[in-house]
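First up is the structure itself, then whatever we jot down about it.
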Amino acid sequence: MHELEDQLVVCMKCGMCQSVCPVFDQTGREADVTRGKLALLDGLMQELFKDPDGVFERLNKCLLCGSCAANCPTGAMQIEDRDGERVLSLCGTTLNREALTYCALCHKEMEPFRYLEYVRKKTRRVSPLVDNRPICEGCARQAAATAMQARVPQFSMHWFFAQVHWQQGLFDEALQEHKRELELRNEPVLLTALEDGFTAAGPAGAMRALAEALVDRAADTYVDPFEIAETYARAGMVDETLLWLDRAVTYGSYEITYMAFQPEFDALRNESQFLELLERVYGKRSREIIRIADQYRPRE
Ligand code: SF4
Ligand code: SF4
């Protein structure tokens with residue numbers, strides 16, 4: 007009990023948790039945000055409530071999204087996934103917990119069901135269910151690409167599949183999809199570069215050779231600089247990635263607004279030049295957008 011009292015004083019009542027909590031956004035009730043819940047816990051300890059069960063119900067109103075923990079300036083709030091659960095805690099004392107869910111198709115670990123339901127209601131058209139169960143981002147993209155292929159025959163889903171497999175760390179599958187895409191597009195030069203690069207140095211070599219072939223092509227015709235940057239990023243080549251991202255920002259690319267969200271650029275997140283580029287793309291909102299992108303980044 008004394009331990010919890012000590013922990014409660016860590017909250018400096020700044021209200022950051024209120025400003026980012028999606029439950030508060032819907033209910034407008036202070037008791038639904040972390041600061042209010044800490045006050046409720048304080049009241050429980052002092053036996054101020056006639057209906058403790060109602061208070062526990064209130065305490066349980068949480069999507070376990072982690073926004074409060076990510077924004078609490080004292081660092082007292084923490085959120086972590088462990089032993090098949092997501093746990094929100096204050097200095098080690100659990101405030102909320104819920105079982106994680108698993109993708110209906112690939113069985114990848116995902117957020118708790120109530121959080122996924124919240125996101126699904128907001129994004130109904132892009133959050134498909136299979137057998138009434140949620141599916142992960144990667145499988146959802148594949149399902150969307152397959153549906154698109156059926157509607158638009160000239161669209162190639164292999165490009166999307168390659169993107170998804172890179173993000174899942176499935177390099178062999180990603181390269182297979184790249185090959186199919188290049189075969190369909192009748193791109194013998196790029197295909198040869200990909201295969202020779204792979205023979206010389208595995209998946210990273212394949213991406214390096216493909217990026218260099220795209221650079222050669224860019225000397226004669228338009229090639230989206232963002233695509234070149236993304237390919238170099240997959241090869242793990244930081245300087246070249248930054249150079250082509252700079253060109254994408256300077257000369258334009260239809261993909262540029264994805265820059266903060268593209269997992270391929272995760273390795274650049276502490277590079278000052280990358281942060282400057284994000285500022286050039288997103289302007290005054292760049293910090294807020296980086297924070298949102300971090301929230302959607304898979305937890306280690
Ligand atoms: S984890 Fe819960 S309390 Fe914290 S911001 Fe998300 S919904 Fe609100
Ligand atoms: S953000 Fe942290 S310190 Fe600020 S009111 Fe919420 S719990 Fe307290």
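Quick note on numbering: the working numbering labels position 63 of the sequence shown as 69, and the sequence is numbered without any gaps. Where a beta carbon is used, it is the ideal one built from N, C-alpha and C, also for glycine. Values in this document were obtained by computation on a predicted structure and should not be read as measured data.
Secondary structure of residue i, DSSP reduced to three states
i    : result
Q84  : strand
S162 : coil
T99  : strand
P79  : coil
L94  : strand
L106 : strand
M116 : strand
R275 : coil
R253 : helix
R307 : The question about residue 307 has no answer, for the chain in this structure spans 7 to 306.
R147 : helix
R186 : helix
R191 : coil
T35  : Reading the sequence as shown, one finds Arg at residue 35 and not Thr. Coil at R35, not helix or strand.
Beta-carbon proximity of residue i to residue j, cut-off 9 Å
i    : j    : result
V195 : L96  : no
C112 : S73  : no
T247 : F271 : yes
Q173 : G144 : yes
D38  : R64  : yes
L94  : L47  : no
R214 : A235 : no
A273 : V244 : yes
Top-ranked residue by Cα proximity to residue i, from the options
i    : options                : result
W250 : Q173, E218, N276       : E218
E89  : R64, A110, E115, C74   : In the sequence under discussion, the amino acid at residue 89 is Asp, which differs from the Glu named in the question. For D89, the nearest C-alpha among the options comes from E115.
V125 : G242, M243, V29, D230  : V29
L122 : A153, L69, E233        : L69
R240 : L176, N102, L46        : L176
P269 : G242, S292, T256       : G242
V255 : T237, Q182, P209, F280 : F280
L216 : Q32, D31, T198, R253   : T198
G81  : C20, D59, P118, G208   : C20
T99  : E236, E11, L200, A225  : E11
F232 : P209, G208, A225, Y257 : Y257
K43  : K67, E285, Q52, D59    : K67
Inter-residue spacing [alpha-carbon to alpha-carbon] between residue i and residue j
i    : j    : result
V287 : C71  : 27 Å
A150 : M163 : 9 Å
D57  : T40  : 20 Å
W165 : E187 : 6 Å
N192 : Y264 : 28 Å
D300 : R35  : 26 Å
E86  : A105 : 12 Å
R291 : I298 : 11 Å
V49  : M83  : The sequence as given places Gly at residue 49; Val does not occur at that position. Cα to Cα, G49 sits roughly 19 Å from M83.
E282 : I296 : 12 Å
N138 : A212 : 39 Å
A76  : V170 : 27 Å
Y108 : R92  : 13 Å
S278 : R157 : 43 Å
E261 : D222 : 21 Å
D230 : R120 : 40 Å
C142 : L54  : 44 Å
T237 : E294 : 27 Å
S259 : E189 : 24 Å
F167 : T152 : 9 Å
P1   : N102 : Beyond the ends of the chain as shown, which are 7 and 306, falls residue 1; an answer cannot be given.
M184 : A45  : A small fix is needed here, since residue 184 is His in this sequence, not Met. If you take the alpha carbons of H184 and A45, they lie about 55 Å apart.
A110 : P140 : 6 Å
M18  : G208 : 52 Å
A206 : D178 : 15 Å
T227 : L220 : 10 Å
T33  : G289 : 31 Å
P118 : E201 : 41 Å
A210 : G203 : 8 Å
M51  : S25  : 26 Å
V61  : C23  : 19 Å
N276 : L284 : 12 Å
Any non-hydrogen atom of ligand 3 within 8 Å of residue i CB
i    : result
I296 : In terms of ligand content, the structure shown lacks ligand 3 and carries ligand 1 and ligand 2 instead.
9 Å Cβ cutoff, residue i in contact with chain D
i    : result
T205 : Of the protein chains in this structure there is only one, and it is not chain D.
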